[in-house]
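Heads up: the sequence shown is residues 2 to 55, going by our numbering. Positions of the beta carbon are idealized from the N, C-alpha and C atoms, including for glycine. Down below is the structure, laid out as structure tokens.
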Amino acid sequence: MQQRDIASWNAMISGLAQESRPNEAIDLFNKMKEEGWRPNEVTVLGALSACSQL
Numbered sequence: 002m003q004q005r006d007i008a009s010w011n012a013m014i015s016g017l018a019q020e021s022r023p024n025e026a027i028d029l030f031n032k033m034k035e036e037g038w039r040p041n042e043v044t045v046l047g048a049l050s051a052c053s054q055l
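In structure tokens, the structure reads:
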């Protein structure tokens with residue numbers, strides 16, 4: 002994806018979590034933070050969903 006916004010990050014993280022790919026979701030969450038994006042409530046919910054599968 003060329004241009005990302007918080008909604009696209011959220012969609013990717015939540016989608017990976019819903020597809021039972023928690024490690025990839027957490028990796029993407031960390032990459033988002035490394036790139037300077039600040040997680041919002043939806044982002045954290047997706048990350049927590051991924052964590053619950055570990």
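A residue is called buried once 16 or more other Cβ atoms fall within 10 Å of its Cβ, and A18 is buried on that count.
The three-state reading of DSSP puts N11 in helix, counting H, G and I together.
A direct Cα-Cα distance of roughly 23 Å separates N24 from Q3.
In the structure shown, D28 falls within a helical segment according to DSSP collapsed to helix, strand and coil. Between I14 and G47, the C-beta spacing is below 7 Å.
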